[in-house]
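Visitor: The structure's right below; bear with me while I get my questions together.
Have a look at this one:
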């Protein structure tokens, strides 16, 4: 499936995508990877390390755009496999209701969620991960931290562009924000 | 754990519970068991057959009360294991946000959700089931039906007390109501 | 504000928009207008009559795209005022969490939500309306019907492209699906 | 209506209520009062000052139990009017889906939400307030603070029993947690 989707992605050349990004909001999915116990309680949260659109390194959640013709849940699975590897065994949610919608703007002032390349509207989901992860492609590293570590100053300072805030919103939704 | 909870349940005698039920709303959990595919999409929904509070047989979802001192997610797991067996491997949701709250009243007119024994306030969750189920204890039978079957007149007619409506609300939440 | 937004809309010529629609999913908002009583309970639901993308007349909810640089809540207000008039006094929700996400595809088979022009991803909200409405611009007519009428065969048959299903999903979310 | 409900409350004597509280989880509603602008965006949040179950003074949100036979939305309105006055004009949500469920336990260790009197399960809602408020009955004071003030150390330190955490969860749900 990944091949089909990749070829589909090439329907839009880099230049065309760049032009579109100056004209239209782009549909994104954000996935906050978590480990849960047998009761479903979040025990840890996965933070990638990667180069952000502004060039800075930042801790970040899984994120990527939805392609033309692609279902939101296909995009979720594709980006999770791209960032966490194909053995990650994500539990894509049964409901299409995201826990929040994140609006990234080229200007950091509008919402505090910042993407210098584009205006993106991201559907954000918490996704329990059952399998083994290895960061792949653009992700340089992956750490699993406890909910309280994830909202600590140490990790919050390592997240730019609003990622730290998104992580705390996910923790709040799961009832584990300290 | 089940033993601990059972002994905890006996802190309230049948008579005391009966008295309390005439005085206070009782906290319940309703769990709609579903099968999902690798993309998280609901493929089928599990319907129990059991004797309802009014004595009638009805198709129904998993339901039961939250005990004193018990976490909501513990109650969810306990009732699912009680009705579907201990090999059901339910995926209790990471978030405590229910998809709806169902208010059961002794009078069928108030909300359409009816329980002649009591006023119950149920937190309703959709719970993906990974394992093997066998109906146990009070449940006489379990069938897995497609979303469209579950909302068909045939199955809706087999559900009383608002159970058919609750099933359609769960399907709507998962984006698979026809 | 409407003027600013309209000029912003013209940043994309009709031809460019048409090209983009063949390449990228477009961000939409769907707003289900409702009347509520003092307790917040939905008493009626507003259904527009308008020409759908396929040329057919259909009962429909408020819908429209999010412009480049526009906040989701600005787009909601703009489209509600465009369809219901500036005296509608909509109560745009405090939370950005939509009750569902609707995926419209050029092919009616993918999700059942159909838009022959484009792949659109719509954030769907229930929006209480306090003021006086008069259908404007593209909307030919507006009727307020009870929740049970809205899900009746009569009105469901007047809605195409998945609109009838979206209305029932909104009713389910509000606990008033029959 | 308030009179009817008050008499209904007396169906349970203080002693009986005290006994029930040692045996059963009690159904509660928590309401986070907010002011919103024309776009629905939260501009400020209302914090009461009141004596908590443990005797301490604390900043807190509106909270109270659901009576036997009472709808959740009736309980929301009743407690808001009790704490904020009858001119508060609250916008009780159209959907029964709470943004979270808060589990208060007699032991502060279980969830961090603490009520020494009882095990309470609270359905938590964000409720926009349109009218004029004056703290009444048990509430000694009411202040409206910005989202960033509400999550600041100053106000967080004035909230005990998990109230500060609940406020931040509400802010996260509304997309305005700093």
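Chains as they are written, first to last, in the numbering used here: chain V, 142 to 319; chain D, 142 to 319; chain F, 142 to 319; chain R, 142 to 319. Beta carbons are placed, not taken as given, at the ideal position from N, Cα and C, and that holds for glycine. Predicted model only: the values in this text are computed from it and were never measured.
Tell me whether residue 214(F) sits in a helix, a strand or coil according to DSSP, three-state version.
Guide: Position 73 of the third chain, counted from the first residue, corresponds to residue 214(F). Helix at residue 214(F).
Visitor: Taking the straight line between their C-alpha atoms, what separation do you get for residue 180(F) and residue 161(R)?
Guide: On the third chain, position 39 is the one that residue 180(F) refers to. On the fourth chain, position 20 is the one that residue 161(R) refers to. Looking at the two C-alpha atoms, the distance is approximately 29 Å.
Visitor: Which residues bound the alpha helix (DSSP H) around residue 244(R)?
Guide: Counted from its first residue, the fourth chain places residue 244(R) at position 103. Looking at the DSSP string, residue 244(R) is not in any alpha helix (DSSP H); the run it does join, the beta strand (DSSP E), is 241-245.
Visitor: My parser needs the alpha helix (DSSP H) runs of 4 or more residues fully inside the stretch 150-187 of chain V; what are they?
Guide: Qualifying alpha helix (DSSP H) stretches, in chain order: 155-162.
Visitor: Count the other CB atoms, across all protein chains shown, that sit within 10 Å of the CB of residue 256(R); report buried if there are 16 or more and exposed otherwise.
Guide: By one-based count along the fourth chain, residue 256(R) stands at place 115. Result: buried.
Visitor: Helix, strand or coil for residue 289(V)? Go by DSSP, reduced to three states.
Guide: As a first step, residue 289(V) is located in the first chain; it is residue number 148 there, counting from the start. Of the three classes helix, strand and coil, the one that applies to residue 289(V) here is helix, per DSSP.
Visitor: Given this structure, state the Cα-to-Cα distance separating residue 195(R) from residue 228(R), to the nearest angstrom.
Guide: The residue given as residue 195(R) occupies position 54 in the fourth chain. The residue given as residue 228(R) occupies position 87 in the fourth chain. Going from the Cα of residue 195(R) to the Cα of residue 228(R) covers about 30 Å.
Visitor: Pull up the distance between the alpha-carbon of residue 295(F) and that of residue 296(D), whole angstroms please.
Guide: Position 154 of the third chain, counted from the start, is the residue given in the question as residue 295(F). Position 155 of the second chain, counted from the start, is the residue given in the question as residue 296(D). If I take the Cα positions, the gap works out to 23 Å.
Visitor: Check the C-beta distance from residue 200(D) over to residue 299(D) and give it rounded, since I have them as a contact under 8 Å.
Guide: Counting from one through the second chain, the residue named residue 200(D) turns up at place 59. Counting from one through the second chain, the residue named residue 299(D) turns up at place 158. Yes, residue 200(D) and residue 299(D) are in contact; Cβ-Cβ is about 4 Å, under 8 Å.
Visitor: Can you list the residues of chain D that residue 236(V) reaches, using a CB-CB cut of under 8 Å?
Guide: Numbered from 1 along the first chain, position 95 holds the residue referred to as residue 236(V). Simply 240, 267, 314, 315 and 316.
Visitor: Going straight from the alpha carbon of residue 260(F) to that of residue 165(R), what length do you get?
Guide: Residue numbering aside, residue 260(F) sits at position 119 when the third chain is read from its first letter. Residue numbering aside, residue 165(R) sits at position 24 when the fourth chain is read from its first letter. Those two C-alpha atoms are separated by around 51 Å.
Visitor: I need the straight-line Cα distance from residue 243(R) to residue 170(F), nearest angstrom please.
Guide: If you number the fourth chain from 1, residue 243(R) lands on position 102. If you number the third chain from 1, residue 170(F) lands on position 29. Rounded to whole angstroms, residue 243(R) to residue 170(F) spans 31 Å at the Cα level.
Visitor: Give me the residue from 231(V), 209(V), 189(V) and 192(V) with the minimum Cα distance to residue 266(V).
Guide: Taking the first chain and counting its residues from 1, one reaches residue 266(V) at position 125. Nearest of 231(V), 209(V), 189(V) and 192(V) to residue 266(V), Cα basis: 231(V).
Visitor: If residue 225(R) sits next to residue 216(R), beta carbons under 8 Å apart, how far is it from one beta carbon to the other, in whole angstroms?
Guide: For the purposes of this step, residue 225(R) is taken as residue 84 along the fourth chain, with counting starting at 1. For the purposes of this step, residue 216(R) is taken as residue 75 along the fourth chain, with counting starting at 1. Contact flag wrong, Cβ pair sits at about 14 Å.
Visitor: Short of 7 Å in beta carbon distance, which residues of its chain neighbour residue 213(D), apart from the five on each side in sequence? Order them along the chain.
Guide: Your numbering for residue 213(D) matches position 72 in the second chain. Counting only Cβ-Cβ distances below 7 Å, and skipping sequence neighbours, we find 170, 207, 237 and 264.
Visitor: So, with DSSP's three-state summary, where would you put residue 254(R)?
Guide: Position 113 of the fourth chain, counted from the start, is the residue given in the question as residue 254(R). If DSSP states are grouped into helix, strand and coil, residue 254(R) belongs with coil.
Visitor: If you follow the beta strand (DSSP E) that residue 305(F) is part of, which residue opens it and which one closes it?
Guide: Translated into the one-based positions of the third chain, residue 305(F) becomes position 164. Per DSSP, residue 305(F) belongs to no beta strand (DSSP E); it is in the alpha helix (DSSP H), 304-314.
Visitor: I'd like to know if residue 310(V) contacts chain A, where contact means its C-beta is closer than 7 Å to some C-beta of that chain.
Guide: In the structure shown, chain A does not exist; the protein chains are V, D, F and R.
Visitor: Can you name, in chain order, every residue of its own chain whose Cβ lies under 7 Å from the Cβ of residue 281(D), other than the five neighbours on each side?
Guide: Translated into the one-based positions of the second chain, residue 281(D) becomes position 140. Closer than 7 Å at the Cβ level, and outside the excluded window around residue 281(D), lie 190 and 191.
Visitor: Counting along the chain, where does the alpha helix (DSSP H) carrying residue 294(D) start and finish?
Guide: Start at 1 with the first residue of the second chain, and residue 294(D) comes out as number 153. First-last of the alpha helix (DSSP H) with residue 294(D): 294-298.
Visitor: Step through the CB atoms of chain D and report whether any lies within less than 7 Å of the CB of residue 218(V).
Guide: In the first chain, counting from the first residue as 1, residue 218(V) sits at position 77. Yes, residue 218(V) counts as interfacial toward chain D.
Visitor: Using three-state DSSP, classify residue 224(V) as helix, strand or coil.
Guide: Along the first chain, read from residue 1 onward, the residue named residue 224(V) stands at position 83. In the structure shown, residue 224(V) sits in a helix (DSSP, three-state: H, G or I).
Visitor: Quick one: list the residues of chain V neighbouring residue 89(F), beta-carbon separation under 7 Å, in chain order.
Guide: Lying before the first or after the last residue shown, residue 89(F) is absent from chain F, which here runs from 142 to 319.
Visitor: Tell me whether residue 232(D) sits in a helix, a strand or coil according to DSSP, three-state version.
Guide: Counting from 1 along the second chain, the entry for residue 232(D) is found at position 91. Coil, per DSSP.
Visitor: State the beta-bridge partners of residue 282(R) as determined by DSSP.
Guide: In the fourth chain, counting from the first residue as 1, residue 282(R) sits at position 141. Paired residues: 190(R).
Visitor: At the level of alpha carbons, what is the spacing between residue 307(R) and residue 292(V)?
Guide: In the fourth chain, residue 307(R) corresponds to position 166, counting from 1. In the first chain, residue 292(V) corresponds to position 151, counting from 1. Each residue's alpha carbon lies about 16 Å from the other.
Visitor: Work out the CA separation of residue 156(F) and residue 312(V) for me, nearest whole Å.
Guide: In the first chain, counting from the first residue as 1, residue 312(V) sits at position 171. In the third chain, counting from the first residue as 1, residue 156(F) sits at position 15. Their backbone Cα atoms lie some 43 Å apart in a straight line.
Visitor: Just the C-alpha distance for residue 221(F) and residue 304(F), rounded to the nearest angstrom, thanks.
Guide: In the third chain, residue 221(F) corresponds to position 80, counting from 1. In the third chain, residue 304(F) corresponds to position 163, counting from 1. Their Cα atoms are separated by approximately 17 Å.
Visitor: Grab me the residues of residue 246(R)'s own chain with a C-beta within less than 8 Å of its C-beta, minus the 5 sequence neighbours each way, in chain order.
Guide: Indexing the fourth chain from 1 puts residue 246(R) at position 105. Cβ neighbours of residue 246(R) beyond the five flanking positions: 252, 254, 255, 256 and 260.
Visitor: Where do the N-terminal and C-terminal ends of the beta strand (DSSP E) with residue 269(V) fall, by residue?
Guide: Here residue 269(V) refers to the residue found at position 128 of the first chain. Taken as a continuous stretch (DSSP letters only), the beta strand (DSSP E) holding residue 269(V) covers 261-269.
Visitor: What does a CB cutoff of less than 7 Å around residue 146(F) pick up in its chain, not counting 5 residues either side in sequence?
Guide: On the third chain, position 5 is the one that residue 146(F) refers to. Because the pLDDT of residue 146(F) is 41, which lies under 50, any placement of that residue in the model is unreliable, and the number read from its coordinates should be weighed accordingly. 208, 211 and 219, listed in sequence order.
Visitor: In whole angstroms, give me the CA-to-CA distance for residue 249(F) and residue 284(F).
Guide: On the third chain, position 108 is the one that residue 249(F) refers to. On the third chain, position 143 is the one that residue 284(F) refers to. Cα to Cα, residue 249(F) sits roughly 27 Å from residue 284(F).
Visitor: Using the Cα positions of residue 198(R) and residue 183(R), report the straight-line distance between them to the nearest angstrom.
Guide: The residue you call residue 198(R) lines up with position 57 of the fourth chain. The residue you call residue 183(R) lines up with position 42 of the fourth chain. So the two alpha carbons sit approximately 26 Å from each other.
Visitor: Against chain D, with Cβ distances strictly below 7 Å, would residue 260(R) count as a contact?
Guide: Indexing the fourth chain from 1 puts residue 260(R) at position 119. Interface residue, yes.
Visitor: Got a sec, what are the start and stop residues for the beta strand (DSSP E) residue 204(D) sits in?
Guide: Along the second chain, one-based indexing puts residue 204(D) at 63. Here the beta strand (DSSP E) through residue 204(D) covers 203-206.
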